[in-house]
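Those letters in the sequence shown? Residues 1 to 199, per the UniProt record's numbering, in order.
No residue lacks a Cβ here, since even glycine has one placed at the ideal position from N, Cα and C.
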Amino acid sequence: MDREVPEDNLEPSASDSIQATEQLIDYIQNLTHASDSPLIHPIITPRFSISCTPELLRGLRTPLCTYKLIFPKTLTNGVAPIGKYLDAGTKVGLGTDVSGRFNPSILNAIQHASIASKVISLQHNLSDPLKPGYNNHKLSVATLVYLATLGGAQVCGLEDDIGSFALGKSFDALLVKVSSEAGNPDLYPGGKEDVDKYL
1 MDREVPEDNL EPSASDSIQA TEQLIDYIQN LTHASDSPLI HPIITPRFSI
51 SCTPELLRGL RTPLCTYKLI FPKTLTNGVA PIGKYLDAGT KVGLGTDVSG
101 RFNPSILNAI QHASIASKVI SLQHNLSDPL KPGYNNHKLS VATLVYLATL
151 GGAQVCGLED DIGSFALGKS FDALLVKVSS EAGNPDLYPG GKEDVDKYL
C-alpha cells in the first residue's frame with residue numbers, strides 16, 4: 001500500500017512495493033518443502049486496493065504474469081449456483097475470506113452457504129425435489145462440511161495431503177471454540193435431521 005494508510009503501513013513507493021513483492025515470491029518459492037505438494041504458495045492480492053496507487057496496481061501485473069500466480073479478480077454480487085458447479089464436476093471449496101466477509105468462522109460460512117442454497121432452491125421451485133444431483137437443490141450439511149474440508153483441499157490440489165483425517169495425511173486442523181460467544185452460529189444437540197432442518 002503506497003497511499004492513504006497510516007505511516008507504519010505505508011510503503012515508500014510503488015517500485016519499492018513491487019520489488020518487495022517479487023523478493024517475497026522468490027523467498028516462498030525457494031523454501032525447502034517436506035513434500036511435493038507445498039501448502040504455501042504466493043498470491044498477488046493488494047491488501048486494500050484503494051490504498052494502492054494506479055502505478056502500483058499496474059506494476060503488480062509483472063510478477064503476476066512472470067510467476068503465473070493466483071489473483072482474485074472481483075468480489076461480486078449474486079448467489080453462486082454451487083449445485084450446478086458440483087453437477088458439472090467442478091471442484092468447489094468453502095472458505096472464510098475475511099476481507100470479503102464479516103466473520104472468520106467456517107461454521108458461519110457453512111450456515112450462509114446453506115441459506116444461499118435454499119434461496120436458489122426456492123427461486124427454482126423444483127417440481128421434483130427428488131431429482132438427482134445438486135443443481136437447484138438445498139445443499140445438505142454433509143455436502144457443506146465436505147466443501148469446507150476435503151472440497152477445499154481438492155480445489156488446491158492437496159487432497160492427498162490434507163482435507164480429512166485419513167491415514168497418511170498431514171494433520172492440518174485447529175482446535176476452536178464452537179460456541180456462539182466465539183462468533184459462531186448457535187449449535188444445539190440433535191441428530192442429522194435436526195441439523196439439516198435448523199441450519
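Would you decide whether residue i is buried or exposed? Buried here means 16 or more other CB atoms lie within 10 Å of its CB.
i, result
"Asn136", "buried"
"residue 227", "It is not possible to answer for residue 227, since the shown part of the chain is limited to 1 through 199."
"Ile82", "buried"
"Gln111", "buried"
"Ala34", "Confidence is the limiting factor: at Ala34 the pLDDT is only 44, short of 50, which leaves the residue's position unreliable, though a coordinate-based value still follows. Classification of Ala34: exposed, given that the 10 Å Cβ count is below 16."
"Leu139", "buried"
"Gly157", "exposed"
"Ile120", "buried"
"Ile115", "exposed"
"Thr143", "buried"
"Leu60", "buried"
"Gly89", "exposed"
"Ile40", "exposed"
"Ser105", "buried"
"Ala166", "exposed"
"Ala153", "buried"
"Ala148", "buried"
"Gly163", "buried"
"Glu11", "buried"
From the options, pick the residue whose C-alpha is nearest to that of residue i; which is it?
i, options, result
"Leu150", "Ser17, Val176 and Lys91", "Lys91"
"Ser51", "Ile106, Pro185, Leu130 and Ser17", "Ser17"
"Glu4", "Ser49, Gln29, Glu22 and Ile43", "Ser49"
"Val141", "Ala153, Asn125, Ile162 and Lys118", "Lys118"
"Asp87", "Tyr134, Leu56, Pro42 and Gly95", "Tyr134"
"Val79", "Leu60, Gln23, Gly59 and Ala113", "Ala113"
"Gly95", "Leu107, Leu174, Ile44 and Thr45", "Leu107"
"Pro170", "Asp160, Lys84 and Asp26", "One detail in the question is off: residue 170 reads as Ser in this sequence, not Pro. The residue with the shortest Cα to Cα distance from Ser170 is Asp160."
"Ala93", "Leu167, Tyr146 and Leu24", "For the sequence presented, residue 93 should be read as Gly rather than Ala. Nearest of Leu167, Tyr146 and Leu24 to Gly93, Cα basis: Tyr146."
"Ala20", "Pro6, Glu7, Ile44 and Pro132", "Ile44"
"Met1", "Leu56, Gly163 and Lys177", "Leu56"
"Glu181", "Asp26, Arg58 and Asn103", "Asn103"
"Ile25", "Leu10, Pro42, Asn9 and Glu11", "Pro42"
"Ser15", "Ile28, Tyr27, Pro63 and Gln29", "Pro63"
"Pro185", "Pro46, Pro54 and Ala109", "Ala109"
"Lys84", "His124, Arg58 and Thr53", "His124"
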